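K.L.:
As you go down the protein sequences, you meet chains A and B in turn. Using our numbering, the first residue of the first sequence is number 1, and each one after it goes up by one. Using our numbering, the first residue of the second sequence is number 668, and each one after it goes up by one. The beta carbon of each residue, even a glycine, is placed where N, CA and C say it ideally should be. Fair warning: this is a prediction, and the values are worked out from it, not measured in the lab.
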Amino acid sequence: MLVAVTLFGVALLLATACFAALAGARPWASAAVYGICALMSAIGLVCAGFGIGAPPSVISLPLGLPTIGMHFRIDALAAVFLAVVDLGGLVASLFAIGYGRRERDPQKVLPFYPAFLAGMNLVVIADDAFAFLLSWEFMSLMSWALVVSHGRIHENLRAGLVYILMASLGTLLLLPAFALLAGSAGQFAFSAMRAHGPNSTVALAVLSLALIGAGSKAGIFPLHAWLPLAHPAAPSHVSALMSGIMTKVAVYVFIRIAFDLVGPVDWRFGMAVIAVGGITALLGVLYALMQHDLKRLLAYHTVENIGIIFVGLGLALVFRADGMLAAAALAASAALFHVFNHSLFKSLLFFAAGAVQNATNTRDMDKLGGLIRVMPKTAIAFLIGAAAISALPPLNGFASEWMVFQAIFLSSNLPQWGLRLLTPSCGAVLALSAALAAACFVKAFGATFLGRPRSDEAKTAKETDKTSILAMYILVAICVFAGIAPFVFIALLAPAVNLLTAGAMQVHPLIPWQPLVPVAGSHNSYSGLVILVCLIAAIAATALFVHLFANRITRRSDIWDCGHPEDNPLTQYTAASLAQPIRRVFASVLFHARETVDMPAPGDTRAAHFCVTMRDPAWDKFYVPPAKLVGYLADRINPLQYLTIRRYLGIVFLTLVLLLMVLAIWE
Amino acid sequence: MSGMLVMQIAQTVLAVAVAPLLTGMVRKVKARLQYRTGPSVFQPYRDLSRLFTKETVVAHNASWLFCAAPTFVFAATWVAAAQVPTISFDVALSPAAELIALFGILTSARFALALAGLDIGTSFGGIGSSREVMIASIAEPAILMLIFVLALVAGSTRLTDIAFFVASPSVGLRISLLLAFVGLAMIAIAESGRIPVDNPATHLELTMVHEAMVLEYSGRHLALIELAAALKLLFYVSLISAVFVPWGIAPSGGTFVQYIIAMTLYLFKLAVAAATLAFFEISIAKMRVFRVPHFIGAALMLVLLAALLRLVSQSF
Numbered sequence: 001m002l003v004a005v006t007l008f009g010v011a012l013l014l015a016t017a018c019f020a021a022l023a024g025a026r027p028w029a030s031a032a033v034y035g036i037c038a039l040m041s042a043i044g045l046v047c048a049g050f051g052i053g054a055p056p057s058v059i060s061l062p063l064g065l066p067t068i069g070m071h072f073r074i075d076a077l078a079a080v081f082l083a084v085v086d087l088g089g090l091v092a093s094l095f096a097i098g099y100g101r102r103e104r105d106p107q108k109v110l111p112f113y114p115a116f117l118a119g120m121n122l123v124v125i126a127d128d129a130f131a132f133l134l135s136w137e138f139m140s141l142m143s144w145a146l147v148v149s150h151g152r153i154h155e156n157l158r159a160g161l162v163y164i165l166m167a168s169l170g171t172l173l174l175l176p177a178f179a180l181l182a183g184s185a186g187q188f189a190f191s192a193m194r195a196h197g198p199n200s201t202v203a204l205a206v207l208s209l210a211l212i213g214a215g216s217k218a219g220i221f222p223l224h225a226w227l228p229l230a231h232p233a234a235p236s237h238v239s240a241l242m243s244g245i246m247t248k249v250a251v252y253v254f255i256r257i258a259f260d261l262v263g264p265v266d267w268r269f270g271m272a273v274i275a276v277g278g279i280t281a282l283l284g285v286l287y288a289l290m291q292h293d294l295k296r297l298l299a300y301h302t303v304e305n306i307g308i309i310f311v312g313l314g315l316a317l318v319f320r321a322d323g324m325l326a327a328a329a330l331a332a333s334a335a336l337f338h339v340f341n342h343s344l345f346k347s348l349l350f351f352a353a354g355a356v357q358n359a360t361n362t363r364d365m366d367k368l369g370g371l372i373r374v375m376p377k378t379a380i381a382f383l384i385g386a387a388a389i390s391a392l393p394p395l396n397g398f399a400s401e402w403m404v405f406q407a408i409f410l411s412s413n414l415p416q417w418g419l420r421l422l423t424p425s426c427g428a429v430l431a432l433s434a435a436l437a438a439a440c441f442v443k444a445f446g447a448t449f450l451g452r453p454r455s456d457e458a459k460t461a462k463e464t465d466k467t468s469i470l471a472m473y474i475l476v477a478i479c480v481f482a483g484i485a486p487f488v489f490i491a492l493l494a495p496a497v498n499l500l501t502a503g504a505m506q507v508h509p510l511i512p513w514q515p516l517v518p519v520a521g522s523h524n525s526y527s528g529l530v531i532l533v534c535l536i537a538a539i540a541a542t543a544l545f546v547h548l549f550a551n552r553i554t555r556r557s558d559i560w561d562c563g564h565p566e567d568n569p570l571t572q573y574t575a576a577s578l579a580q581p582i583r584r585v586f587a588s589v590l591f592h593a594r595e596t597v598d599m600p601a602p603g604d605t606r607a608a609h610f611c612v613t614m615r616d617p618a619w620d621k622f623y624v625p626p627a628k629l630v631g632y633l634a635d636r637i638n639p640l641q642y643l644t645i646r647r648y649l650g651i652v653f654l655t656l657v658l659l660l661m662v663l664a665i666w667e
Numbered sequence: 668m669s670g671m672l673v674m675q676i677a678q679t680v681l682a683v684a685v686a687p688l689l690t691g692m693v694r695k696v697k698a699r700l701q702y703r704t705g706p707s708v709f710q711p712y713r714d715l716s717r718l719f720t721k722e723t724v725v726a727h728n729a730s731w732l733f734c735a736a737p738t739f740v741f742a743a744t745w746v747a748a749a750q751v752p753t754i755s756f757d758v759a760l761s762p763a764a765e766l767i768a769l770f771g772i773l774t775s776a777r778f779a780l781a782l783a784g785l786d787i788g789t790s791f792g793g794i795g796s797s798r799e800v801m802i803a804s805i806a807e808p809a810i811l812m813l814i815f816v817l818a819l820v821a822g823s824t825r826l827t828d829i830a831f832f833v834a835s836p837s838v839g840l841r842i843s844l845l846l847a848f849v850g851l852a853m854i855a856i857a858e859s860g861r862i863p864v865d866n867p868a869t870h871l872e873l874t875m876v877h878e879a880m881v882l883e884y885s886g887r888h889l890a891l892i893e894l895a896a897a898l899k900l901l902f903y904v905s906l907i908s909a910v911f912v913p914w915g916i917a918p919s920g921g922t923f924v925q926y927i928i929a930m931t932l933y934l935f936k937l938a939v940a941a942a943t944l945a946f947f948e949i950s951i952a953k954m955r956v957f958r959v960p961h962f963i964g965a966a967l968m969l970v971l972l973a974a975l976l977r978l979v980s981q982s983f
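(1) Using the DSSP secondary-structure output, state which residues sit across from residue 562 of chain A in a beta bridge.
(2) Which chain B residues are close to residue 556 of chain A, counting only those with a beta carbon under 7 angstroms from its beta carbon?
(3) Can you find the residues in the same chain that come closer than 8 angstroms, C-beta to C-beta, to residue 322 of chain A, ignoring five residues on each side of it along the sequence?
(4) Using the rule of at least 16 other Cβ atoms within 10 Å of the residue's Cβ for burial, across every protein chain shown, is residue 644 of chain A buried or exposed?
(5) Do the segment 322 to 342 of chain A and the segment 493 to 512 of chain A meet, that is, are 3 or more Cβ pairs less than 8 angstroms apart?
(6) Taking DSSP as the reference, what is the three-state secondary structure of residue 74 of chain A?
(7) Give the secondary structure of residue 435 of chain A by DSSP, where H, G and I count as helix, E and B as strand, and everything else as coil.
(8) Does the distance from the C-beta atom of residue 668 of chain A to that of residue 574 of chain A stay below 9 angstroms?
(9) Go ahead and label residue 452 of chain A buried or exposed: buried means 16 or more other beta carbons lie within 10 angstroms of its beta carbon, across all protein chains shown.
(10) Can you find a C-beta in chain B that's less than 9 angstroms from the C-beta of residue 523 of chain A?
(11) With residue 878 of chain B as the anchor, note down where its beta strand (DSSP E) starts and where it stops.
(12) Please specify which runs of the beta strand (DSSP E), each continuous and at least 3 residues long, are wholly inside the segment 19 to 76 of chain A, giving them in chain order.
(13) Helix, strand or coil: how does DSSP classify residue 573 of chain A here?
(14) Give the interface partners of residue 416 of chain A over in chain B, defined as CB-CB distance under 9 angstroms, in chain order.
(15) Flag residue 762 of chain B as yes if its beta-carbon sits less than 9 angstroms from any beta-carbon of chain A, otherwise no.
(16) Closer than 9 angstroms, CB to CB, is residue 93 of chain A near chain B or not?
(17) For a contact defined as C-beta to C-beta under 8 angstroms, what are the partners of residue 373 of chain A on chain B?
(18) Is the Cβ-Cβ distance between residue 441 of chain A and residue 369 of chain A less than 9 angstroms?
(19) Using alpha carbons as the reference points, say which of A/89, A/560, A/94, A/125 lies closest to residue 674 of chain A.
(20) Using a C-beta cutoff of 9 angstroms, does residue 441 of chain A count as contacting chain B?
(21) Taking its Cβ as the centre, do 16 or more other Cβ atoms sit within 10 Å of residue 511 of chain A, making it buried, or is it exposed?
(22) Residues of chain B with CB under 7 angstroms from residue 460 of chain A, in chain order?
(23) In the DSSP assignment, what residue or residues form a beta bridge with residue 526 of chain A?
(24) Under 8 angstroms between beta-carbons, which chain B residues line up against residue 369 of chain A? List them in chain order, please.
(25) On a CA-only basis, which of A/479, A/82, A/410 is nearest residue 124 of chain A? Give me that one, please.
(26) Anyone know if the C-beta pair for residue 596 of chain A and residue 325 of chain A falls short of 9 angstroms?
(27) Is the separation between the beta-carbon of residue 190 of chain A and that of residue 73 of chain A shorter than 9 angstroms?
(28) Smallest Cα separation from residue 338 of chain A: which of A/638, A/21, A/404?
(29) Does the contact criterion of 3 or more C-beta pairs under 8 angstroms hold for the segment 584 to 591 of chain A versus the segment 281 to 292 of chain A?
(30) What does DSSP give as the partner residue(s) for residue 128 of chain A in the beta ladder?
(31) Just the Cα atoms here: how many angstroms apart are residue 431 of chain A and residue 911 of chain B?
(32) What does the Cβ neighbour count give for residue 656 of chain A, buried or exposed, with the cut at 16 atoms within 10 Å?
(33) Measuring only between beta-carbons, confirm whether residue 861 of chain B sits less than 9 angstroms from chain A.
(34) Is there contact here, the segment 829 to 840 of chain B with the segment 877 to 889 of chain B, by at least three beta-carbon pairs under 8 angstroms?
(35) Along chain A, which residues have their Cβ under 9 angstroms away from the Cβ of residue 856 of chain B?
(36) With distances taken Cα to Cα, identify the nearest neighbour of residue 814 of chain B among B/971, B/982, B/983.
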C-alpha cells in the first residue's frame, strides 16, 4: 500500500516533468511545477513516516525486462532515506517557488527537476538490480541535465563533462557488483540476493565495487572531483538537492549493499571504510578552506560530511563483525543521524547561498561583505546552518558528531590491534576536521555577511522573497529541534538501525527531552536541551545584570582600528586572507601552496602583486595520468584514420583471420 | 535534589566571582617575579567595574551580531566554567558536564567571538580572528585525544566520574595521566591565550591574537569579554585541578565543614596554579605565530603517547 502510494507520487512527478516540457517558459509554469513537486514530496514524506515503523511494503510491476519485472519495497531503511529525499524535495521545491521566478531559462530547468526528484525516490525504493540501476542512471542523467542547464557558461559545460564521466564510472562499477550478487543463476531481486549470500572473496569484490561505485556519487576522496564542479553549476535549489540529498542516496546504496545484501562483512573492509572516511573528511574541509566561491566551498563541505558518515558506517561494520552489536547500533545511528542532519543544514546553506547569488549576481566571497545589514533574515539562516555544520552545541550537527566520537571511544574494546590504533587517530582527524569546519564557516560567514561591502552589488542587495525565507526557516527550525531533542530522531531511526545491526537497539518510549546515551549503562550523556536552557539562563542573568548595574548608554562613532581606520573596504581581510594561517600550516605540503610576492623597488610606481598558486593532488595523482594515457593511445591510433582503402581491407582481412583462429583454438 | 541545585548555583556564582581574582593573582605574582610591586590582586574587579560604568562606543556599521556577541561569549564560557566540579561532586548539572560537550560550548563561544572580530571590517579584527581559529583548529585533535585518554582511564567522559575516579585511592601514579596532565596544561596555555602562544598584556603587536580580535570593543561589551577571558582561564585551571588533583572536593551529601574545606582547598589550588603560570610566563618568550602549531603538536604527541601506553597496558 505505502509503496504503491509512493510509486503513484513518482508517476505524478514524471507526468509533471512532461507537463513542464510542454509548458516551456510560460510565466506561470515555474510556480505550478514547483508547487506540484512540493505537494508530491509531502506525500512521499508522509509515506516515509508511515513506513518507518511498519513492516516492509512490497509491490512488483510487470514493467521492464519480460521475465523479471520490477520490484519495489519500502522497509525501515528505505523509509528513512525516503524521508530524507522527500523532506529535501519539499523544502527545495518551496524555496524554488520564489527562487525559480528569477530563472533566466526556466524551460531548461523545469522539466528535469521533477524527473530528478522522481529518480531519487525510485532508487531508494527499488528492490531488484534492474529497477535499481535504471533509476540510478535516470537520476544521474536528470541531475546532469540540470548541471548543464546554464550551459552558456563554459565552466558549467566542463563540470557537466566531468560529472557525466564520473557518473558513468559509478554505474560501470555498480553493474558488476550486482552481477556478482545475482550469481550465475541471475537472480536480480534483492530478496534472492539476501537469501544466497556470496562467499567471502566475492563479497569483498562486491563491497569494493560498491564502495567505489556508490562512493563516486557520494564524493569520497579521490572520487569527489566532479562534486565541487557540478554542484555549484546547477541552480541553487538543485545544488541543495544534489549536495544535500543525492549524495545521501549514494550513501543509501552503499548501506543497502554492505549491510543488507552481502551478509557478514570482514572487519578489514570496515577498517578500510573508516580510513577512507577519515581521509575524505579531512581533505574535504581543507579543500573547502581554500575556496573563495561560496557554493564551491559548500560543495567541498559535503565531501567532509560524507567522510564523517563513512567513518560512522565503517565503525558500525567493524563493531558488527566483532559482535559488539550495541556499539554497532550506536555507530549506525550516528551515521544515519548525520545523514539526516547534513541533508538539513546543507540544503539550508545552499538556499542562503542561492539567495545571496540572486541578490548580488556573484558567488565570489571577495566581492561580497556586509550582507548581514541588507539581508538580515538570510544572514541568520546562514549563521544557524553554519553553526550546525560546524558541530556547535546545542545544534544538530554536534549531536551526531558527538555520537560518532562516543562510538570511537568504544573502539578500545575491539579485539584487533590495528583497529584499536586506527580508530582513535581517526577520532583525532575528525576533531581536526570539525574544528577546521568551524574555521571555514567563520571565513564564509565573515567574508560574505560581515564587514563592509566590497562591491556595489553587495551594498545595494535586497532581502530575498518570502517563500524562500519560509523554506530556509523550516530547515532552521528542524535543525534546532534535532539539536535539542535528538532522542526523537534516534528513536525514529531505531527500526532502520535494527535492520542493520540484527536488532541490537531497543526502541525506547519516545521522550523528547531524554538525553542521548551511547550504550545502555554508560554514564556519558548529552542533552542539547539542558545546554540550551543553561545558555538561555546565563544570557538572561547577564542581560539582567547589565540592565541593573551597567551603564547602558551606547554611542555610535567611527571605526577605531587603533586609530588607523582605512576607508577603502578592499583593505579588509578577504576570504583568502582569513584562510592564510591555515593555508600556511596545512596547504603548503598538501596542495603545494606557494605565495609569490612581486614588490616593485622603492621609487617604482607600478602596482605590487601577490599571487598564491595551489595544485590539486587528486587531479594530479588520480585524474591527469589516466587522461594522459588516453590521450597517448588516441595519438597512436590516430594514423589509422588516414590509410588507403587497400590497407583498410588488409586490416579487415587480418582481423577476420585472427578472430577465426581464436575461435578455432577456443573450440 | 534541592541540595544539588544549591551546590550548582553556588559553583556557578563562585566561578564568576573568583575568575577576576585568578587573573589578578597571576598578574601580581608576575609583577613580584619581575621585581615590581604590581597592582593589587583585586585590580581586575576595579577594571571591570570601571568598564561597566563607562559608556559603550560602537562603530557606525556594527551589526546586531557585534553587540550580541559579548553577552553570548560570556554566557557560554560561564556555562562551561560552572560545570567543572570545584567544591562538590554532587551538582545538578553533573550529567550534562560531559567533556566533549563542555569543549563544544567553548567552541561555540569562540565561533561567536571570531565572527564579531570580522563584523566591523578592520584588518586587526581579521588578523585576530584568522589566527584564533587556526590555533583552535590545531588544538582540537589534542583535546579529543585527551578526552579519549581520560575516558580510557576512568571509563567515562563525564567530568564528575573522571574526577571521582582519580580521587579514589586505588588509582595511584600513572604515566598516562602524567602525560595527559602535561598535554592538558599546554592546551590550556594555548586556548586561554597565555604566553608563549598569545600575550594578554599587549596591544599593537604583530603576533597578538585575542586582543586584536576584540580591539573594537569598549565599555560594558569589553567588560563582558574580559570577564569571559578570565572565566576561560579559570575553566582550564579548574579542569586541571578537577581531573588531576581532585582531592578535597566534597562528596555527595557533604557536610558544611567539608564544603568549607573544599572551598579553601580550591582557592589554594588556584593560587598555586596562578603562581606556576606566572613563573612559566616570565621564564619563556612569546612565540612567533607560526611556531604555535609546533607547540600544540607537541601536546598532541604527548596525549597520543598517553593513549598508546594506555592501550598497550591497563597499568600505565
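P.N.:
Reading from the atomic positions:
(1) By one-based count along the first sequence, residue 562 of chain A stands at place 562. In the DSSP output, where bridge partners are listed per residue, residue 562 of chain A has none listed.
(2) Stepping through the first sequence from its first residue, residue 556 of chain A is reached at position 556. Neighbours of residue 556 of chain A on chain B, chain order: 725, 727.
(3) The residue labelled residue 322 of chain A in the question sits at position 322 within the first sequence. 267, 414, 415, 416, listed in sequence order.
(4) Residue 644 of chain A sits at position 644 when you count from the first residue of the first sequence. Flag for residue 644 of chain A reads exposed.
(5) yes
(6) Taking the first sequence and counting its residues from 1, one reaches residue 74 of chain A at position 74. Reduced to three states, the DSSP call for residue 74 of chain A is strand.
(7) Walking along the first sequence from the start, residue 435 of chain A turns up at place 435. Residue 435 of chain A falls in the helix class under three-state DSSP.
(8) Within the shown structure, residues of chain A are numbered from 1 to 667, placing residue 668 of chain A beyond reach of any answer.
(9) On the first sequence, residue 452 of chain A is found 452 positions in, with the first residue counted as 1. Counting Cβ neighbours within 10 Å, residue 452 of chain A comes out buried, since at least 16 surround it.
(10) Within the first sequence, residue 523 of chain A is the residue found at index 523, counting from 1. Taking Cβ atoms only, chain B reaches closer than 9 angstroms to residue 523 of chain A, which makes this a yes.
(11) For the purposes of this step, residue 878 of chain B is identified with residue 211 of the second sequence, where counting begins at 1. Looking at the DSSP string, residue 878 of chain B is not in any beta strand (DSSP E); the run it does join, the alpha helix (DSSP H), is 877 to 880.
(12) 57 to 61, 70 to 74
(13) Taking the first residue of the first sequence as 1, we reach residue 573 of chain A at position 573. The answer is coil: DSSP assigns residue 573 of chain A none of H, G, I, E or B.
(14) Counting from one through the first sequence, the residue named residue 416 of chain A turns up at place 416. None at all; the shortest Cβ gap to chain B is about 12 angstroms.
(15) Locating residue 762 of chain B in the second sequence gives position 95, counting from the first residue. Closer than 9 angstroms to some Cβ of chain A, the Cβ of residue 762 of chain B qualifies, so yes.
(16) Along the first sequence, read from residue 1 onward, the residue named residue 93 of chain A stands at position 93. Taking Cβ atoms only, chain B never reaches closer than 9 angstroms to residue 93 of chain A, which makes this a no.
(17) Reading the first sequence from its first residue, position 373 is the one you call residue 373 of chain A. Within 8 angstroms Cβ-Cβ: 728, 730.
(18) Here residue 441 of chain A corresponds to residue number 441 of the first sequence, with the count starting at 1. Here residue 369 of chain A corresponds to residue number 369 of the first sequence, with the count starting at 1. Contact: no.
(19) In the structure as shown, chain A begins at 1 and stops at 667. Residue 674 of chain A is therefore absent and cannot be evaluated.
(20) Counting from 1 along the first sequence, the entry for residue 441 of chain A is found at position 441. Yes, because at least one Cβ of chain B sits closer than 9 angstroms to the Cβ of residue 441 of chain A.
(21) Counting from one through the first sequence, the residue named residue 511 of chain A turns up at place 511. Residue 511 of chain A comes out exposed.
(22) The residue you call residue 460 of chain A lines up with position 460 of the first sequence. Per Cβ cutoff of 7 angstroms: no residues; residue 460 of chain A is ~15 angstroms from chain B at best.
(23) For the purposes of this step, residue 526 of chain A is taken as the residue at position 526 of the first sequence. DSSP lists A/516 as partners of residue 526 of chain A.
(24) Mapped onto the first sequence, residue 369 of chain A falls at position 369. Going along chain B in sequence order, the residues near residue 369 of chain A (Cβ under 8 angstroms) are 788.
(25) Numbered from its first residue, the first sequence carries residue 124 of chain A at position 124. Residue 124 of chain A has its Cα closest to that of A/82, out of A/479, A/82, A/410.
(26) As a first step, residue 596 of chain A must be located in the first sequence, where it is residue number 596. As a first step, residue 325 of chain A must be located in the first sequence, where it is residue number 325. No. Outside cutoff.
(27) Along the first sequence, read from residue 1 onward, the residue named residue 190 of chain A stands at position 190. Along the first sequence, read from residue 1 onward, the residue named residue 73 of chain A stands at position 73. Contact: yes.
(28) On the first sequence, position 338 is the one that residue 338 of chain A refers to. Selected option, being the one with the closest Cα: A/404.
(29) yes
(30) Here the question's residue 128 of chain A lines up with position 128 in the first sequence. Answer is A/189, bridged to residue 128 of chain A.
(31) Within the first sequence, the letter at position 431 stands for residue 431 of chain A. Within the second sequence, the letter at position 244 stands for residue 911 of chain B. Each residue's alpha carbon lies about 23 angstroms from the other.
(32) Your numbering for residue 656 of chain A matches position 656 in the first sequence. Residue 656 of chain A should be labelled exposed.
(33) Taking the first residue of the second sequence as 1, we reach residue 861 of chain B at position 194. Judged by the 9 angstroms Cβ criterion, residue 861 of chain B is not in contact with chain A.
(34) no
(35) If you number the second sequence from 1, residue 856 of chain B lands on position 189. Those within 9 angstroms of residue 856 of chain B in chain A number zero; the least Cβ separation is about 18 angstroms.
(36) Counting from one through the second sequence, the residue named residue 814 of chain B turns up at place 147. That would be B/971, whose Cα lies nearest to the Cα of residue 814 of chain B.
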